[in-house]
Amino acid sequence: MKRNKNNAIPTRVKSSRLKMIKKSMYLYIIFVIPFIYFILFHYLPMYGVIVSFQDYNIVKGFSGSEWVGFKHFEKFLTDSYFWKLVRNTLLLNIYGLLWGFPIPIILALLLNELKNGVFKRVVQSVSYLPHFISSVVVCGMVTNFLASDGLINKILNYFGHDSVQFLMFPEYFRTIFTTTGIWQSAGWNSIIYLSALTAVDQEVVEAAMIDGAGRLKRIRHVMLPSIAPTVSVMLIMQIGKLMNLGYEKILLLYNGSTYETADVISTYVYRRGIINNDLSYATAVGLFQSIIGLILLISANKISKKVSETSMW
Amino acid sequence: MKNTKKQIYSKGSRCFNIFNYIILAIVAIIMFYPMYYIFIVSISSASHINKGDITLLPKGITFKAYEIVLNTERIWTSYKNTIIYTGLGTLINLLCTAMCAYPLSRPDFYGRKVFTIFVTVTMFINGGMIPLYLVIMNLGLINTIWAIVLPSAISTYNMIVMRTSFQAIPTSLTESAYLDGANDIHILTKIVLPLSKPIMATMTLFYAVQHWNSYFPAMLYLNDSRKYPLQIILRDIVVQGEMTDQGSDISSALNIVATNYKYAVIIVAVVPILLIYPLLQKYFTKGVMVGAVKG
Chain A
2 MKRNKNNAIP TRVKSSRLKM IKKSMYLYII FVIPFIYFIL FHYLPMYGVI
52 VSFQDYNIVK GFSGSEWVGF KHFEKFLTDS YFWKLVRNTL LLNIYGLLWG
102 FPIPIILALL LNELKNGVFK RVVQSVSYLP HFISSVVVCG MVTNFLASDG
152 LINKILNYFG HDSVQFLMFP EYFRTIFTTT GIWQSAGWNS IIYLSALTAV
202 DQEVVEAAMI DGAGRLKRIR HVMLPSIAPT VSVMLIMQIG KLMNLGYEKI
252 LLLYNGSTYE TADVISTYVY RRGIINNDLS YATAVGLFQS IIGLILLISA
302 NKISKKVSET SMW
Chain B
13 MKNTKKQIYS KGSRCFNIFN YIILAIVAII MFYPMYYIFI VSISSASHIN
63 KGDITLLPKG ITFKAYEIVL NTERIWTSYK NTIIYTGLGT LINLLCTAMC
113 AYPLSRPDFY GRKVFTIFVT VTMFINGGMI PLYLVIMNLG LINTIWAIVL
163 PSAISTYNMI VMRTSFQAIP TSLTESAYLD GANDIHILTK IVLPLSKPIM
213 ATMTLFYAVQ HWNSYFPAML YLNDSRKYPL QIILRDIVVQ GEMTDQGSDI
263 SSALNIVATN YKYAVIIVAV VPILLIYPLL QKYFTKGVMV GAVKG
């Protein structure tokens with residue numbers, strides 16, 4: 002900080018700029034590799050979205066392929082299946098938000114009421130663990146537990162119900178997906194609220210106690226309001242991410258008979274683009290999703306700035 | 013605090029405590045039981061699995077399923093691949109993330125603002141699955157280890173966490189090194205990195221777990237089954253129930269049910285994560301907290 006201010010004489014801006022660049026020379030050398038990385042794997046793909054305005058041909062490449070304007074966009078915007086994908090993407094996300102968002106907060110509030118001891122530590126350790134289990138393992142457990150001879154059906158049989166092939170019916174998919182999502186992330190997501198709770202002013206808590214507020218009232222009127230800023234920031238971030246869904250899990254859990262509710266934009270892009278090799282069309286669909294996602298993110302951030310004076314950038 | 017709590021330990025409060033313990037105990041069981049169930053079934057005998065009477069403890073303990081798993085060649089191959097991808101991938105992650113975070117952590121890095129925007133933009137805007145695939149294809153990386161380890165070399169989020177941590181190092185240390193004639197490369201390797209062991213440990217764990225658990229890039233970019241990582245094989249066996257390997261023949265010969273075999277594979281894949289979990293726990297909360305500080 003100090004070093005670059007020394008020579009900042011306004012009349013000799015150019016030479017001081019050169020000096021500053023020279024001073025940063027080794028930093029530039031260090032930064033070269035990350036710079037190349039971002040160009041290759043982030044900015045080139047951004048440029049690559051131009052294939053959505055082409056009929057991309059692998060042999061002809063980016064420059065040789067024929068330009069077709071908005072052909073692909075028109076095609077999917079008029080396709081009723083595309084709107085089903087949008088509905089599925091949004092609904093799976095909204096369910097995830099409705100159920101998945103409050104649970105970590107409740108979990109953190111309850112954990113915070115425990116005295117620091119073995120029990121608290123055990124509950125915390127155990128509930129963070131699923132976050133580190135791979136999607137493949139989680140989905141493997143789901144498919145096996147829900148199989149006709151799996152754990153869940155054995156419990157159903159015990160109570161006199163017939164076995165249900167849960168993963169074959171579209172009506173169960175959203176529940177299965179949302180529940181496993183909560184199982185994976187509830188504990189992990191509670192960490193941020195727990196840390197916010199440790200910052201709650203103990204004097205306020207004690208004052209509330211002396212005024213005769215019971216435990217529930219203290220949670221409701223002291224704890225919850227004091228983590229409200231964290232809650233609102235997290236909520237806005239979640240809304241901003243509404244279009245980006247954990248499609249890797251869907252790819253593992255869905256099948257032809259559940260596309261009705263399970264097929265989302267990203268999984269469709271994967272099938273159309275990679276499996277069917279319809280690269281331009283798939284890119285157009287993906288671009289549409291990114292744009293909607295970006296609009297959501299920017300508006301969420303604007304709202305956040307107004308409401309709580311916090312923003313992501 | 014404790015004293016005041018005791019003073020007002022009313023009936024309602026005790027009631028609340030009891031409910032709280034019960035609810036959290038149920039939460040803990042829900043979180044833990046699925047993994048535990050997988051484990052006890054994997055070491056139970058076929059007849060008990062078919063009867064479905066395994067709930068709390070394994071019955072008719074047998075390790076035959078594990079014997080078969082450990083004799084399945086494609087599991088060994090993929091395990092080896094995953095170890096290589098995780099090792100090399102994490103090394104590249106750490107080097108690149110540090111090389112990106114260090115210049116951006118320096119207030120006197122000329123062009124810092126522009127480069128910071130250049131990097132953080134990628135958190136919010138990306139080309140999407142297909143353009144990235146095309147780039148990787150055009151670079152000739154398809155079906156090579158580089159398609160697995162390079163595209164995710166820097167997680168921008170982790171980079172910001174690391175940058176924040178680098179910024180906390182007192183500038184007086186670097187200043188004096190400058191006076192002694194050291195350049196920025198020396199300072200990064202001799203001063204900044206040695207002082208950042210906790211954050212580097214956190215990053216190592218984060219990145220390593222991510223590599224260990226990832227299957228999607230391998231599915232996209234690899235088509236030679238000898239290069240498949242563990243998670244792909246796991247998907248074939250556990251999710252899609254594929255038993256085309258010698259596993260099925262042996263299992264019928266040794267009277268092991270498919271469930272047994274699948275669950276044993278899961279355990280074999282998860283054990284490394286469980287082994288480092290205490291370490292993970294020590295560091296990850298720190299990582300989450302640093303990340304929460306606005307970048």
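Just so you know, the sequences run in chain order A and B.
FYI, in the working numbering the residues of the first sequence are 2 to 314.
FYI, in the working numbering the residues of the second sequence are 13 to 307.
We treat Cβ as the ideally placed atom computed from N, Cα and C, and that holds for glycine.
Owing to the predicted nature of the structure, the values given are computational and were not obtained by experimental measurement.
Using a Cβ-Cβ cut-off of 8 Å, B:G140 counts as an interface residue toward chain A, since at least one Cβ of chain A sits closer than that to its own.
A:G141 and B:I30 have their C-alpha atoms spaced approximately 35 Å apart. Contacts with chain A at 8 Å (Cβ-Cβ) do not include B:R175.
Interface criterion not met: the Cβ of A:E67 is under 8 Å from no Cβ in chain B.
For B:S184, no Cβ of chain A is located within less than 8 Å of the residue's own Cβ.
Put simply, the backbone Cα of B:G72 is about 55 Å away from that of A:P35. Legend: CB atoms of the stretch 39-65 of chain A lying less than 9 Å from CB atoms of chain B belong to residues F39, L41, F42, H43, Y44, L45, P46, M47, Y48, G49, V50, I51, V52, S53, Y57, I59, G62, F63. Taking a C-beta distance under 8 Å as the contact criterion, A:S25 and B:Y114 do not qualify as a contact pair. The three-state reading of DSSP puts B:D196 in helix, counting H, G and I together. Look at B:Q252 here: in three-state DSSP terms it is coil, with no helix or strand label. With a contact defined as Cβ atoms closer than 8 Å, A:G188 and A:S128 qualify at about 3 Å. Any Cβ of chain A closer than 8 Å to the Cβ of B:S237 would place that residue at the interface, and such an atom is absent.
By the rule that beta-carbons nearer than 8 Å mark a contact, A:M142 touches chain B. Going by DSSP, B:H60 is part of the alpha helix (DSSP H) stretching over 58-63. Within the stretch 272-286 of chain A, the residues whose Cβ lies closer than 7 Å to any Cβ of chain B are, in chain order, G274, I275, L280, A283, T284. The continuous alpha helix (DSSP H) containing A:H73 extends over residues 72-78. Not one beta carbon of chain B lies nearer than 8 Å to the beta carbon of A:S149. Taking the Cα positions, A:T231 is about 20 Å away from A:Q125.
Below the 9 Å Cβ cutoff, chain A contributes S25, M26, Y27, L28, I30, I31 as neighbours of B:D196, in chain order. Cα atoms of B:L68 and B:L292: separation of roughly 28 Å, rounded to the nearest angstrom. With respect to the 8 Å criterion, A:S191 and A:P131 are not classified as neighbours on the basis of their beta carbons. The three-state reading of DSSP puts A:E261 in helix, counting H, G and I together. When the beta-carbon positions are compared, B:I160 and B:I154 stay at least 8 Å from each other.
Pairing A:T90 with A:I266 gives a Cβ-Cβ distance under 8 Å. With a contact defined as Cβ atoms closer than 8 Å, B:R247 and A:L253 qualify at about 7 Å. The C-beta distance from A:I134 to B:V282 rounds to 6 Å, short enough to fall under 8 Å. The C-alpha of B:L116 is placed about 10 Å away from the C-alpha of B:M174. For A:W68, the beta-bridge partners assigned by DSSP are A:Q55. Under the Cβ criterion of 8 Å, B:S25 is counted among the residues facing chain A. Between B:I80 and the set B:S54, B:T94, B:L107, B:V204, the nearest pair of CA atoms involves B:S54. If you draw a straight line from the Cα of B:N272 to the Cα of B:F296, it comes to about 33 Å. By the Cβ rule, the stretch 178-188 of chain B does not count as touching the stretch 130-140 of chain B, because fewer than three pairs are nearer than 8 Å. B:I278 reaches chain A at V138, G141, M142, counting residues in chain order whose Cβ is nearer than 8 Å. In the three-state scheme derived from DSSP, where H, G and I count as helix and E and B as strand, B:R118 is classed as coil. The contact set of A:N89 on chain B, defined by CB atoms closer than 8 Å, is empty, because the minimum CB distance reaches about 17 Å. Taking a Cβ-Cβ cut-off of 9 Å, the neighbours of A:G188 in chain B comprise V39, M43, given in sequence order.
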